[in-house]
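If you read the sequences in order, they're chains A and B. Position 23, counted from 1, in the first sequence is what my numbering calls 55; the numbers after and before it change by one each time, with no gaps. Position 10, counted from 1, in the second sequence is what my numbering calls 135; the numbers after and before it change by one each time, with no gaps.
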Amino acid sequence: MNMAVKPKADTAVGEILKLAIMAVGGQGGGVLTSWIETLARSQGYDAQATSVAGVSQRTGATIYYLEMTPSTGQQPVFALAPSGGDVDVLIAAEMMEVGRSIMRGFVTPDKTTLIGSTHRQLAVSEKSIPGDGIADADEVRAAAEVAAQRLILADMDRLAVEQGSVISASLFGALAGSGALPFTRAAFEDAIRAGGKGVEASLRAFDAGFKTADQGPNALARAPVADGPKIIGPKAKMRDWAALLEQVKALPEPVQMMAETGLRKVVDFQDVAYGAGYLAAVSRVQSADSASQDWLLTNEAAKYIANAMAYDDVIKVADLKTRASRHARIRQEMGAGDDQLIQLTEFFHPRAEEIAGLMPAKMGAKWEASERRMARLDRWFGKGRRLRTDSLRAFLMLHVLGGLKGYRLRTRRHSVEVAHCEKWMQACLEMAAQDYALAVELVRNRRLIKGYSDTHARGLSKFDRVMAAAHLLEGREDAAQWMARLREAALQDPAGKALEGAIATVESFV
Amino acid sequence: MAERSFKAEVEHLRKGDGDVFTGEGILAITKALLENGVGYVGGYQGAPISHLMDVLSDAEELMGELGVRFEANASEAAAAAMLAASVHYPIRGAVTFKGPVGVNVASDALANLCSSGVTGGALIIVGEDYGEGSSIMQERSHGFAMKSQFWMLDPRPNLPSITKAVKDGFELSEASNTPVMLMVRIRSCHVTGSFETSDNVPPPLTMKQAIAAPQSDFQRVVLPPWSYVHEQQKVKERWPAAEKFIVENNLNEVMGPQGAKMGIVLQGGMYNGVIRALQRLGLADVFGKTDVPLYVLNVTYPLVREEFDAFCDGKDHILVVEEGQPEHIEQHLGSFLYKAGAKLKLYGKDVLPMAGEYTGQVMLDGMTAFLKKAAPDMLPGQVRAPNRDTPAIPDLSKVVPIRPPGFCTGCPERPIFAGMKLVEEELGKHQITGDIGCHLFGSLPPFEIGGATMGYGLGPAANGAFDGGGERRAISMLGDGGFWHNGLSSSIGNMVYNKSDNVVVIVDNYYSAATGGQDLLSSRAQSDTKNTGNPIQDALKGVGVKWIRTIDHTYDVAKVRDTVREALTTDFKGPKVIVASSECMLNKQRREKPLRAKAIKEGRRVDVPRFGVDADICTGDHACIRLSGCPSLSLKRLDDPLRDDPIAHIDQTCVGCGNCGEVADAAVLCPSFYRADVVHNPGGLERWWAGKRAGIIGWLQKRRDDNRLRLSDAITVAAPEGARAAPLPPMGALK
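The following block contains the structure:
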């Protein structure tokens, strides 16, 4: 909020109120527009609305625009589209649309009440890159605080969905609660009733929006967020777990949180003994680290060693797919009631690599080395399988697979992962003595390995290329920064074009 | 069935003398047509006048009562050709389509129509798709009026003016034997407001009466020597008649004070924008009372010299406000002034930009620049000497992503492009042309399949130069709308004729979907007034296509992939056409949702599918999104310090189309996806058996859990806002 709210209740005859709605197609901007129009006319105003049909349907950004002024009998001249610097109320139905409205100059500190929803509906460009491409909402918020005369920001989408309604209703409520229009709350609610569809749910969402605008975003009591996941299990094993946790306390304080999180992950993946192996690996890094660096290397290692050790094999996937907690979670997510059943279909497409990975280490290596054998595996297993995990047959199959933990450490996949992890740790530890910051970056490169099948293979190849660039950078003062840049480039596109470019740049200056 | 139903609104079209109509521009236009005794209407859908076609279609019953014929034309050319009825018969006709692409298609018929001239009023209502929200190239329809000699109305964008323009248009057309184009801009089609109605008037001569008494006159046929005569008639008879009518009936308006030294000439459609700029400069009031003289051209072609001269009399500075380029009106007025030896200064595309929409800011800047030169004393002090510091608002251009339109949630075209993308990964990139329609979104990320688009139904024709063949076959996309509009003859027929070896993918979504879901020849919907259900495949066979493959469920990504691969690699010589059919999801949902809700309410067994992603299995590589782009498949951040990247997430807007599962399988992506079918009202036996199974599964799960350590629940989800900062903001974002 910038200045005191200028009350609009005494809008003089002759003044035009201008209101723009920026939405993403499919959000019900048209409904909101018609409510506002109905409201204004019912209160003795002349009103005009314009929209651009078509785009609004198909997920593009679109603007609805309204103008209103008290009726005098004479026809006012209204504009058809908003002008920069001349909008009294701007409603943006998504956080980046808040940003767009500011960019387009529709939000100005001298007059605009900005009502925005903080929820995100990601653009294709944000979600398709392999890394994290989500736009920075904090920057938009900061700009909104400068640009708006009055600012109302809340997750209007959630407010509406919680009431079984859609965002247009909570935004309409927020508009009422903002006091930016000189109409009573009852008049707003009548406009919803006049619309005739889903009235009760709309009114509940309206109320949530109203309270949020009127009393601030914390007006509605929220259920406390659940604590993070914990390790649970039979008593005897919990004692072993408690002993492991004691070992975590022996680690430097800044590392403990990450190490405990990592430990939970690997114990969930395998067992307590495996967890002890994890802690040993972390301690190994610790011995090459020091308090003067705030144990950064160890902390990062605690994170990425856990990810490396809890690799995504068939056993893990089968286990996760057949857990009791999963069934409960899906029921809740799908909003299934007690009188409804849920049928679950899983989509598996095993390749020869996964089958060979499940074989005993030596045998698997032999099969992997033979193209003919791999082709045979592919013929036998390599096709899409849809498994109904609510059925006994499919459940049993996955349940058995998921129970192969006792055998896992003897599989080909495990031996490959152990070797890979060891090689990576070795490289990091060697570098630690030489260039600490670069070693931290080498640890972080592990982020590149993710996904399954081809995506996983591409990730591995990117990881290899980025790791190999370390020797190019060795000895440079900015080696760590460059390594970080290479990794970011690798996360830009799936094919690794940005990475190729970045490596070419590095090669050009060494 | 069109995307939006106007059945309720259409009742307002029955209003009579002294009633007030309140609603949208397109409805007002329809009402005005009925009030002015129109005998037949037609057109072809396209933004921004799609809804006008829908209104006409929904008003068919009312029009039938009045004796008005409604024809859904095959194309804009067909619509313009239909106005031929007004050549010989004194019947008013109106057609509608979009400009300029619709006008381009119609121009052949328009040119012939203009040569013949009309007896009954002929009105072409063009939605000028220019500026924000437009999906096409930015061009003007004005040039077509100049070349064919028809008249152009550009009324002020409010309902009374637009409806008056319908009346004026018919009368002007009849007075000058010339078709009239009524131009409505994109936002004025959907502007709301009120006007006073009058009774509907049945056509004095109906089409049925006319066909019973056929008329012809060879002098109106466009053949020499009469075509030369027509040209002379255009300039010697029709043009002067039009000017006379325009002046005598005051179609153009002069506003503001007399005796001012400067003034503004503007297109009627620019009026509200000009007034708003003047309001902001304190030179006009809310009701449009202005201190600056205005000459409002509700008729932008022809320009009437005597009116313009009278307006300029005594003035030193004139500004022309004319949106779009080139500046036809400014040039025309300039030549008037030059020939008259006038000394006054003419402004236009110097203080205003040559290209682009005249938005509020552009208009304000242009007016200000003009007045600074023409009448600086009139400007408020603030404008002349700005001294207020406004706070700098952070630049968000590097932060806010663009958001072009794309495939809807559950769109049946998405899996077609996913399949083609997989073929591209196997066989390499191919020469691909797109067409007009929703499928053109396939050329955008994440698919980036398709290159040029040359016009409706011209996708395969745009690959004509590649029909000679080569190492890799060319592919062209074509929608069912484009197929029937023009594609069957111009594209497919000629591939057969020229022995093309290329591939066509026809995207058949049962409707002209991009324009709002209107029915087509091949639509599956039953219609009382139209003949639907004519398969595209039959038409293909009819023009001699031998290699035809049908995919009747486009969500089968593997089948799409295999069929496209087969088309690209088969030894068969000749055009290969794949017809990929599944219903437009927007329409399907609109049709099925109410039925489903009703069935659930009535206690019948209903199975509602939705997809989900297992958060603990997804690794956040986003490969699935690169083969989808579905609005309901998005990302979320986990409250897990071990994870760097957001993971895939399917929100509740998912319609369970199946694409995610098919892609995960066909592209061998990952096992994170699952499909959950919520069964409403399951039967007794089904419930009993499910209980038994759940009992056994639960026992197995408990047995394992009793013997191991595990996480309580995989992972809880952080705030869904995505409001946490990205690790590295885009370059330059932090200023």
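We put the beta carbon where it would ideally sit given N, CA and C, even for glycine.
If you count every other CB in all the chains shown that lies within 10 Å of the CB of residue i, and 16 or more means buried, which is it?
i	result
isoleucine 742 (chain B)	buried
glutamate 539 (chain A)	exposed
proline 282 (chain B)	buried
methionine 395 (chain B)	buried
glutamate 502 (chain B)	Strictly speaking, residue 502 (chain B) in this sequence is aspartate, with glutamate absent from that position. By the neighbour-count rule (16 or more Cβ atoms within 10 Å), aspartate 502 (chain B) is not buried but exposed.
glutamate 386 (chain A)	buried
serine 88 (chain A)	Interpretation of serine 88 (chain A) is limited by its pLDDT of 45, a score under 50 that renders its predicted location unreliable; no figure is taken from the coordinates.
lysine 720 (chain B)	The sequence as given places leucine at residue 720 (chain B); lysine does not occur at that position. Result: exposed.
glycine 105 (chain A)	exposed
asparagine 784 (chain B)	buried
tyrosine 799 (chain B)	buried
asparagine 659 (chain B)	exposed
aspartate 677 (chain B)	exposed
proline 516 (chain B)	exposed
Among the options, which has the Cα closest to the Cα of residue i?
i	options	result
leucine 297 (chain B)	B:Asn712, B:Ser259, B:Lys718 and B:Gly246	B:Gly246
lysine 361 (chain B)	B:Ile151, B:Asn161, B:Val476 and B:Asn302	B:Asn302
leucine 146 (chain A)	A:Asp120, A:Ile481, A:Pro162 and A:Asp168	A:Asp120
leucine 433 (chain A)	A:Gly414, A:Leu390, A:Asp467 and A:Ser115	A:Leu390
arginine 476 (chain A)	A:Met499, A:Val349 and A:Val56	A:Met499
glycine 416 (chain A)	A:Pro382, A:Met406 and A:Arg440	A:Pro382
serine 319 (chain A)	A:Leu185, A:Cys460, A:Gly92 and A:Glu509	A:Cys460
glycine 562 (chain B)	B:Ser522, B:Gly607 and B:Ala402	B:Gly607
glycine 163 (chain A)	A:Val542, A:Gln524, A:Glu532 and A:Thr537	A:Gln524
arginine 729 (chain B)	A:Asp371, A:Met406 and A:Ala208	A:Asp371
tyrosine 169 (chain B)	B:Glu190, B:Phe222 and B:Ala206	B:Phe222
asparagine 619 (chain B)	B:Gly593, B:Ala639 and B:Asp605	B:Gly593
glutamine 458 (chain A)	A:Glu221, A:Ala471, A:Leu277 and A:Thr244	A:Ala471
glutamine 107 (chain A)	B:Ser241, B:Glu136, B:Asp410 and B:Ala204	B:Asp410
Run through chain A and tell me which residues come within less than 7 angstroms of residue i, C-beta to C-beta.
i	result
histidine 805 (chain B)	Gln372
leucine 767 (chain B)	Thr293, Gly294, Lys297, Lys335, Ala338 and Asn339
glutamine 340 (chain B)	By Cβ distance, chain A contributes nothing, its closest Cβ being about 40 angstroms from glutamine 340 (chain B), past 7 angstroms.
Show which residues of chain B have a CB atom less than 8 angstroms away from the CB atom of residue i.
i	result
methionine 366 (chain A)	Arg735, Gly737, Ala801 and Val803
isoleucine 263 (chain A)	Leu834, Arg835, Leu836 and Ser837
aspartate 300 (chain A)	Leu834, Arg835 and Leu836
Should residue i be counted as a contact of the ligand MG given a C-beta to heavy atom distance under 7 angstroms?
i	result
aspartate 293 (chain B)	In terms of ligand content, the structure shown is empty, and the ligand MG therefore cannot be addressed.
So which residues of chain A does residue i contact, with C-beta pairs closer than 8 angstroms?
i	result
glycine 607 (chain B)	Near glycine 607 (chain B) there are no residues of chain A at all, since even the closest Cβ is about 17 angstroms away, more than 8 angstroms.
glycine 823 (chain B)	Ala356
asparagine 397 (chain B)	Val109, Phe110, Ala111 and Leu112
Just the chain B side, please: which residues come within less than 9 angstroms of residue i by C-beta, in chain order?
i	result
proline 114 (chain A)	Thr484 and Gly485
valine 56 (chain A)	Arg528 and Pro756
glycine 93 (chain A)	Here residue 93 (chain A) is alanine; the residue named in the question, glycine, does not match the sequence. Here the neighbours are Ile527, Arg528, Pro529 and Pro530.
Residues, ordered as in the chain, of the segment 744-757 of chain B that lie near chain A by beta-carbon distance below 8 angstroms: Thr744, Gly745, Asp746, His747, Ala748, Ile750, Arg751, Gly754 and Pro756
Uninterrupted alpha helix (DSSP H) stretches inside the segment 371-401 of chain A (no shorter than 4 residues): 384-390 and 393-401
Which runs of the alpha helix (DSSP H) spanning at least 4 residues fall entirely within the segment 294-343 of chain A, listed in chain order? 304-318 and 328-341
Going along the chain, which residues of the segment 420-435 of chain A sit with their C-beta nearer than 9 angstroms to a C-beta in chain B? Thr421, Asp422, Ser423, Leu424, Phe427, Leu428, His431, Gly434 and Gly435
Please list the segments of the alpha helix (DSSP H) lying wholly inside the segment 446-515 of chain A, counting only runs of 4 or more residues, in order along the chain. 468-476, 485-500 and 502-505
Run through the segment 634-671 of chain B for me and flag every whole alpha helix (DSSP H) of 4 or more residues, listed as ranges in chain order. 661-667
What are the residues in the segment 161-174 of chain A lying within 9 angstroms of chain B by C-beta distance? Ile161, Pro162, Gly163, Asp164, Gly165, Ile166, Ala167, Asp168, Ala169, Asp170, Glu171, Val172, Arg173 and Ala174
Could you list the residues in the segment 273-284 of chain A with a C-beta less than 9 angstroms from some C-beta on chain B, going in chain order? Trp273
For the segment 275-301 of chain B, list every residue whose C-beta sits within 8 angstroms of some C-beta in chain A, in sequence order. Pro282, Asn283 and Pro285
Going residue by residue through the segment 202-245 of chain A, where are the continuous alpha helix (DSSP H) segments of at least 4 residues, counting only ones entirely within it? 217-227
Any C-beta of chain A within less than 9 angstroms: which residues of the segment 556-580 of chain B qualify? Cys563, Phe566, Leu569, Pro570 and Pro571
Uninterrupted beta strand (DSSP E) stretches inside the segment 327-391 of chain B (no shorter than 3 residues): 378-380
Could you tell me which whole alpha helix (DSSP H) segments of length 4 or greater appear in the segment 122-192 of chain A? 127-135, 156-159 and 169-179
Using a beta-carbon distance cut-off of less than 7 angstroms, what residues from the segment 311-340 of chain B approach chain A? Ile311, Arg312, Ser313, His315, Val316, Thr317 and Gly318
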